[in-house]
Amino acid sequence: MIILPKYNCAVTYSHNCVGSFSAVDFFNQVNLLYGTLTEFCTPENCPTMTAGPKYEYRWADGVQIKKPIEVSAPKYVEYLMDWIETQLDDESIFPQKLGAPFPPNFKDVVKTIFKRLFRVYAHIYHSHFQKIVSLKEEAHLNTCFKHFILFTCEFGLIDKKELAPLQELIESIIVPY
Ligand SMILES: [Zn+2]
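Here's what the structure looks like:
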């Protein structure tokens, strides 16, 4: 599903507003990209949530599931997207009224959202890139990822070690200058 941005931030520009808008936009983008792969990213094809041979992600939301559990990639993405949707819908985190204060942990929540969205990109690139190519979606995927990574770098939203599974690709996007 697509969540429409509800935030009326245009008048009172702030970093938090940028974070709100973008979290919704990037969430929708990843949702659409991954949505084209659901018939290929199955529990049989992807029994664990990996990003190449060296990285495997286990799911915990810290609330209902505190100890990380090993789940298939589609289950992981389902948990992840549901979790993000819950955060975006939570008015105490993403206030929808103009001028309503953002909570003190706002940036932490946004960082966790971006960290988790990155994992979906990492899985798509490592496990489904050939399929993306055959669907002629690679230019779109690359554009979305480039936009995503430039944004996260600009606002320092993802720790460097989290980016390791796609390090080479990221270096090719961010040409040092
Ligand atoms: Zn998969």
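With this note's numbering as the guide, the letters of the sequence shown map in order to residues 9 to 185. Yeah, the Cβ is synthetic: ideal placement off N, Cα and C, and Gly gets one too.
- At a Cβ-Cβ threshold of 9 angstroms, H148 and L45 do not count as neighbours.
- Comparing alpha carbon positions, the residue from F126, W91 and N53 closest to L41 is F126.
- In the DSSP assignment, Y65 forms a beta bridge with M57.
- The Cβ atoms of P82 and T50 lie closer than 9 angstroms to each other.
- Measuring C-alpha to C-alpha distances from E47 to each of E146, K139, L165 and K169 identifies K139 as the nearest.
- Cβ contact annotation for R124 (same chain, cutoff 8 angstroms, sequence separation greater than five): L88, W91 and I92, in chain order.
- Fewer than three pairs of CB atoms, one per stretch, sit closer than 8 angstroms, so the segment 57-64 makes no contact with the segment 145-162.
- In this model, L106 and F35 are separated by some 22 angstroms (Cα to Cα).
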